[in-house]
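Undergrad:
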Amino acid sequence: MKKNFLLFTLIFLLISSCFPTVSYEYNDWRNKMPDEIRDAFPDPIKSKVFLYTTHEILIKERLGYFRYSVTFRGIREKNFHYWKDSLQQVARMVKSADEGIYIPFGFQLKHDEKPKISPNNLTVRSFKEKYSSLDSLPVPHPTDFYSKRSSTRSGYPENTKIVVFDAKPGEYLPDSLLRDGEYMPEVWYNGYSKGVIIDDESNKLIFWGILW
């Protein structure tokens, strides 16, 4: 009986060690997200993302802005390509260098924060006019992920891919939590957007969701 107990304990410890401890923190964090953006982030029960990665995992949150970053290294790099190919098949992909796609960046994350209008320093008026269509997709500002500016229209590095799962205008937060849409095009005064940034250079996936 004692042997069986010790064997069971050993197996449990071995299985537990396969999963980074962050998975428990992540699962709790994900479950508390607004419904509109939760499904943009991998489900740790249905997905093997935690088995495919090293411990280099970043969870970041600000009011209305959720970000989860996973870097694939060494023998796990093949899994990065598997994820990348799968994601590109199920969602709309915007290449950072695509001159035919315009992406707005003007939402405010904090009332006391200077708004990030665009990587090209457009004026508020020209920004609103330029991105007045629903074809323009709101995504996080590139400086949230990269310290250097890019020459591409979106502001992301040239080889970056931006996958947008969904983006809709409207009020999806309580009035007290709605962001000031003063610097957004009228059609995107409030709304939400969710997706993933695919960084081929560093084998990184950055899952994100924004509500304003």
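If you count by mature numbering (1 follows the signal peptide of the UniProt record, and there is no 0), then the sequence shown holds residues -23 to -1, 1 to 189, one letter each, in order. Backbone N, C-alpha and C define an ideal beta-carbon position, used for all residues, glycine too. Remember, predicted model here, so these are calculated numbers, not experimental data.
#1: Buried or exposed: where does aspartate 176 fall if 16 or more other Cβ atoms within 10 Å of its Cβ makes it buried?
#2: Is the beta carbon of lysine 181 less than 9 Å from the beta carbon of alanine 144?
#3: Any idea what DSSP makes of residue 200, helix, strand or coil?
#4: Specify the secondary structure class of residue 192 as computed by DSSP and reduced to three states.
#5: Straight-line CA distance for asparagine 56 to phenylalanine 49?
#6: In three-state DSSP terms, what is lysine 55?
#7: Which residue or residues does DSSP assign as beta-bridge partners of residue 190?
#8: Taking isoleucine 183 as the reference, which of Pro11, Val47, Arg15 and Asp5 has the closest Cα?
#9: Let me know the secondary structure DSSP gives glutamate 3 once reduced to three states.
TA: Looking at the atomic coordinates:
#1: Translated into the one-based positions of the sequence shown, residue 176 becomes position 199. Its Cβ being crowded by 16 or more others within 10 Å, aspartate 176 is buried.
#2: The count along the sequence shown starts at 1 and reaches residue 181 at position 204. The count along the sequence shown starts at 1 and reaches residue 144 at position 167. Not closer than 9 Å, so no.
#3: One cannot answer for residue 200 here, as it falls past the ends of the chain, which runs -23 to 189.
#4: Examination of residue 192 is not possible in this model, given that the chain is present from -23 through 189 alone.
#5: The residue you call residue 56 lines up with position 79 of the sequence shown. The residue you call residue 49 lines up with position 72 of the sequence shown. About 7 Å.
#6: The residue labelled residue 55 in the question sits at position 78 within the sequence shown. The answer is helix: DSSP assigns lysine 55 an H, G or I state.
#7: Given that the chain is displayed from residue -23 to residue 189, the structure contains no residue 190 and the question cannot be resolved.
#8: Here residue 183 is taken as the residue at index 206 of the sequence shown, counted from 1. Among Pro11, Val47, Arg15 and Asp5, the Cα nearest to that of isoleucine 183 is on Val47.
#9: Locating residue 3 in the sequence shown gives position 26, counting from the first residue. The sequence given here places tyrosine at residue 3; glutamate does not occur at that position. Here tyrosine 3 sits in helix by DSSP.
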